[in-house]
Structures are given as structure tokens and as C-alpha cells.
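With full-length UniProt numbering applied, the sequence shown covers 1 to 386.
Virtual Cβ for every residue (Gly too), placed ideally from N, Cα, C.
Following: one structure in C-alpha cells, then a few remarks.
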Amino acid sequence: MKIILAHNFYRAAGGEEHYVKSLAKLLTRKGHKVLIYSKNNKTIPDGFIPRARVSFSMFWNKKVYTELSELIVSFRPDIAHFNNLYPLITPTAYHVFKKNKIPIVQTIHNFRYMFPKSLLVRRGQLCPLCLDKRLIYPAFIHSCYDESIFYTTSFSLSHIFHKIIGSFRLVDALIFPSLFAKRYYIKNVDLKPEKAIFIPNFIEGSGLPSSKRNNYFLFAGRLSREKGILELLNHFSSTPHLNLVVIGDGPLKGEVQTFSRFKNIKILGNLPRKKVLAYMAGALATIIPSKCLEVLPTVLIESLSVGTPVVAPRLGVFKELIKDGETGFLYKLGSNEELKNLLIKIAKNKNLSKMGVRCKKEYSDKYSSELYYQRLLKVYSKLIKK
């Protein structure tokens with residue numbers, strides 16, 4: 001089978017980038033021919049004019065249309081599998097494949113299909129306002145995209161344009177990594193339920209042996225407001241008997257670094273994945289304090305794979321993914337007292353090794369690469385036969 005994987009890489013790599021690269025390796029290992037068609041936001045020059053050109057190209061990107069048309073002739077793909085489209089690939093790409101009668105699969109990694117911004121957050125807080133609108137987005141008023149009225153307007157209008165010309169209806173199958181995301185989309189978007197397919201994401205097993213628990217909690221992820229990192233750091237700065245290790249990069253990197261003055265907080269920055277997993281395997285628990293609605297955080301699967309329980313707010317997808325008291329712990333978002341008591345309880349817990357066994361079983365039962373491949377292959381094969 002010949003497969004085109006399309007992805008617009010972000011400036012800072014994250015879970016989506018890891019997924020695309022891992023999927024390409026998995027499909028290649030299984031004997032398929034894979035071609036990654038990609039764009040990268042790092043190539044966008046600074047300045048108003050270059051970014052304005054990008055904004056206008058989101059309505060219809062002639063360059064992408066031409067490139068993909070030539071790629072179809074030379075590679076002759078059986079299927080096209082999309083991930084992030086914005087801002088350099090755009091839904092223009094759907095039209096090329098539909099014209100050539102090539103099935104289109106779209107994996108949903110965020111909530112951009114609902115409204116122009118990928119996360120239902122504003123100024124770092126949960127904000128579902130756009131769900132109540134169809135043409136006049138509150139995003140206009142609040143300058144949600146890059147905190148710029150111009151970019152927000154361009155993005156929003158291009159989103160409306162592609163809705164009007166039916167770009168999103170060209171997709172043959174939408175893959176949702178969590179039931180929460182699937183139900184949320186079906187409830188809030190004009191989406192045919194039969195096109196929505198639930199397939200949890202995967203990661204390759206770490207191969208790490210069981211590790212001794214060390215006296216620290218771990219945060220690994222993007223250092224941004226919606227991820228709740230500042231609240232978490234403030235919490236640990238006032239509880240010196242609990243230790244926190246922070247791994248990651250992002251727009252709050254400078255502010256996060258200032259917390260290294262506390263003896264119980266260690267800021268490590270970006271690390272190779274192997275080292276991240278090693279720290280994860282030795283942690284009491286991995287904390288995911290997100291204030292936004294997540295689809296399926298890669299860090300959660302990684303934590304389960306190394307046998308480390310996950311601590312997360314009782315919000316959205318976490319209620320589906322974490323078995324409270326078995327594979328992790330849930331707390332009320334914003335309740336510092338509940339979180340404090342929970343972390344103290346975990347630090348004293350003598351049964352973390354038993355939880356670790358359950359975490360690894362949860363990973364092998366739901367998130368292994370082989371399981372993902374079999375599920376995805378069924379989708380590909382069914383669409384190609386049509």
C-alpha cells in the first residue's frame with residue numbers, strides 16, 4: 001500500500017510530531033511505502049508582510065495544490081492521511097486528493113475543526129464560546145489566534161470559507177484518539193457519525209526495565225499557560241517537602257526557569273525522549289495539570305507504558321483515560337488543597353508498584369503499536385475498496 005502522510009509541523013515539536021514520525025516508521029516496518037508531505041512553521045519569516053501572505057494563502061494555497069498534484073502523479077498513492085493542516089498546507093489539499101479519487105483520512109489531534117484556534121482556551125483559561133457560534137466567531141472579538149486581530153480575522157474567515165465550499169466534507173474518515181473527542185465533535189460539529197472512528201493513539205514500548213521509585217513528581221510537556229505549569233510550580237514552591245522535576249520547552253520557558261531557585265524544583269528543559277522516559281519511570285507519578293480540553297496527551301500513554309501512574313484534573317478526556325486509584329489519580333481543577341492532599345497521599349503510598357503493573361497492562365491492552373496498526377489498516381482497506 002502506498003500512503004501519503006501529510007503534516008504541518010509546529011515551531012516547537014510535540015505529541016503530533018512524535019505521532020507522525022512513529023506512524024511513518026510503523027507503516028514502513030509493515031511493508032508499506034510511505035511518503036511524508038510536510039511543511040514547517042519555522043520557515044515562516046518574522047514580520048507582518050510574510051505572515052500576511054500565509055494568512056491569505058489559507059483561503060486557497062495554489063502552491064500546495066500544484067505540489068500535491070505532481071506528487072500524486074509520481075508517487076501514485078492509495079490513500080492520504082492528514083494530521084495538522086495549518087497554516088501552510090490548509091484544506092486546499094483535500095480537494096487535490098478528492099479530484100484524483102484518493103481516499104482521505106484525517107486524524108483529529110485538537111479542536112481546530114470546531115473553530116479557528118486549536119484549543120478551547122483563551123488567555124490560558126478554558127473557553128468554549130465559539131461552540132455557540134457558526135459564522136460570527138467570538139475569536140474575532142478576543143483576538144484568540146496569536147493575540148492578533150488581523151491573524152484571527154484571516155484565520156476565521158478562511159475557516160468559514162472552507163466550510164462554505166465543503167472542504168471538510170471531503171474527508172472520508174476522521175480518526176479520534178479518544179471517545180471524549182469523538183463525542184464532543186459529533187455533538188458540536190456538523191459531522192456524519194459514520195465517518196467518525198475511534199482509534200486510540202499509540203507509542204512504541206520504551207523497553208525500559210521496571211525502575212525504582214524516586215522521591216519526585218514529574219511534569220513533561222509544553223511550557224504554556226493552558227498546560228497549567230505555572231499553577232503547578234506555585235503549588236510546589238509552597239510545599240518544600242514535595243519534589244518536582246520539569247521537562248519541556250515553550251513560551252513560558254523563562255518564567256518557569258525562575259522556579260529553579262527552589263531546592264525542591266528541578267528545571268531540566270528539553271531532553272531526548274529516552275531520558276524523558278527514564279525520568280518518568282522513576283517518578284512517583286506524572287502530573288498533567290492541563291486547564292484545557294485535551295484529545296489524548298502523548299505523555300499520558302508514555303507514563304502508562306513505563307508503569308507510572310498519572311495525576312490529572314477531573315476534566316474532559318482524563319475522566320475517560322484514567323482509572324482513579326488504579327492507573328492514576330483525579331482531582332478537582334483549581335483545588336490546591338485537594339491536589340496537595342493527593343500528592344502527599346501518593347508520596348506515602350506503598351502500593352505504587354502494584355499500580356505500575358496495572359498501568360503497563362493498560363498500555364499493552366489499548367495503546368500498543370500492533371493494536372493501532374491493525375485498527376488503522378482496517379480503515380485504510382475499507383476506504384480503498386470503496
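Sheet register partners of residue i (DSSP bridge)
i    : result
S38  : H7
Q106 : F82 and L174
T286 : L218 and V310
Y331 : P313
A196 : L174
K2   : K33
D324 : G328
8 Å contact criterion, which residue i and residue j should meet: CB distance rounded
i    : j    : result
F9   : N61  : So it is not a contact: roughly 16 Å between Cβ atoms.
S206 : L271 : In fact, because the Cβ distance is near 14 Å, the residues do not count as touching under 8 Å.
F75  : S154 : Wrong, their Cβ atoms sit about 32 Å apart, outside the cutoff.
A12  : G250 : 6 Å
H81  : I203 : That belief does not hold up - the Cβ atoms of H81 and I203 are roughly 18 Å apart, past 8 Å.
L352 : L284 : 7 Å
L85  : P77  : Going by Cβ atoms, the distance from L85 to P77 rounds to 17 Å, so no, they are not a contact pair.
L315 : L333 : 5 Å
T286 : V256 : Going by Cβ atoms, the distance from T286 to V256 rounds to 17 Å, so no, they are not a contact pair.
I79  : Y372 : About 16 Å separates the two Cβ atoms, so there is no contact after all.
L88  : K39  : 4 Å
S158 : M1   : Not really, about 32 Å apart at Cβ, beyond 8 Å.
N188 : L296 : Not a contact, Cβ separation roughly 18 Å.
Y19  : L71  : Y19 to L71, Cβ: 22 Å. No contact.
Selected residue, minimal CA-CA separation from residue i, among the options
i           : options                   : result
R213        : L371, L26 and I346        : I346
I197        : A6, I186, G221 and Y363   : I186
V299        : K323, G221 and K378       : G221
S69         : G14, R183 and K98         : K98
I199        : L377, P87 and I384        : L377
G254        : S237, L242 and S224       : S224
P156        : R112, I89, S353 and R169  : Note on identity: in this sequence residue 156 is Ser, with Pro being the wrong assignment. Nearest C-alpha to S156: R112.
residue 402 : K350, G269, E294 and F150 : One cannot answer for residue 402 here, as it falls past the ends of the chain, which runs 1 to 386.
K195        : N100, L371, V171 and G47  : V171
T258        : M280, L230, R273 and A281 : L230
L252        : F150, I89 and E226        : E226
Y94         : E16, A6 and L23           : A6
G166        : L179, S290, L191 and K182 : L191
residue 442 : Y37, Y184 and V317        : Absent from the structure is residue 442, since the part of the chain shown begins at 1 and ends at 386.
N215        : R261, M280 and L71        : M280
E337        : V357, G356, P313 and P297 : P313
N83         : G15, S260 and F262        : G15
I63         : S381, K182 and V96        : A small correction: the amino acid at residue 63 is Lys; Ile does not occupy that position in the sequence shown. Nearest C-alpha to K63: V96.
I102        : I44, P87 and V73          : V73
S335        : K386, N349, G228 and C359 : G228
F236        : I344, S158, T152 and L293 : I344
K263        : V245, I164, C359 and T66  : V245
K323        : C359, N188 and E370       : C359
K182        : K348, M355 and E294       : E294
I288        : K350, F217 and G282       : F217
Query raised in the report: Does the segment 105–116 come within contact of the segment 26–37, defined as at least 3 CB pairs closer than 8 Å?
Result: no
Query raised in the report: Where in the segment 198–227 do unbroken runs of the beta strand (DSSP E), each at least 3 residues long, occur, reported from the N-terminal end onward?
Result: 217–220
Query raised in the report: What residue ranges within the segment 242–299 form continuous beta strand (DSSP E) runs of no fewer than 3 residues, ordered along the chain?
Result: 244–247 and 265–269
Query raised in the report: Within the chosen definition, does the segment 294–311 reach the segment 357–373 through at least 3 CB pairs nearer than 8 Å?
Result: yes
Report task. Could you tell me whether the segment 170–181 touches the segment 233–242, where touching means 3 or more Cβ pairs closer than 8 Å? Result -> no
Requested in this report: Could you tell me whether the segment 259–267 touches the segment 316–333, where touching means 3 or more Cβ pairs closer than 8 Å?
Outcome: Output reads no: the segment 316–333 does not touch the segment 259–267.
Report task. Just list the alpha helix (DSSP H) runs in the segment 354–384, keeping only unbroken ones of 4 residues or longer that don't cross its boundaries, in chain order. Result -> Runs of alpha helix (DSSP H) with 4 or more residues, each lying fully within the segment 354–384, are absent.
**Report entry** Three CB pairs or more closer than 8 Å across the segment 306–318 and the segment 44–58
**Finding:** No, the segment 306–318 is not in contact with the segment 44–58.
Query - Any beta strand (DSSP E) of 3 or more consecutive residues that is wholly inside the segment 43–100 - result: 79–82
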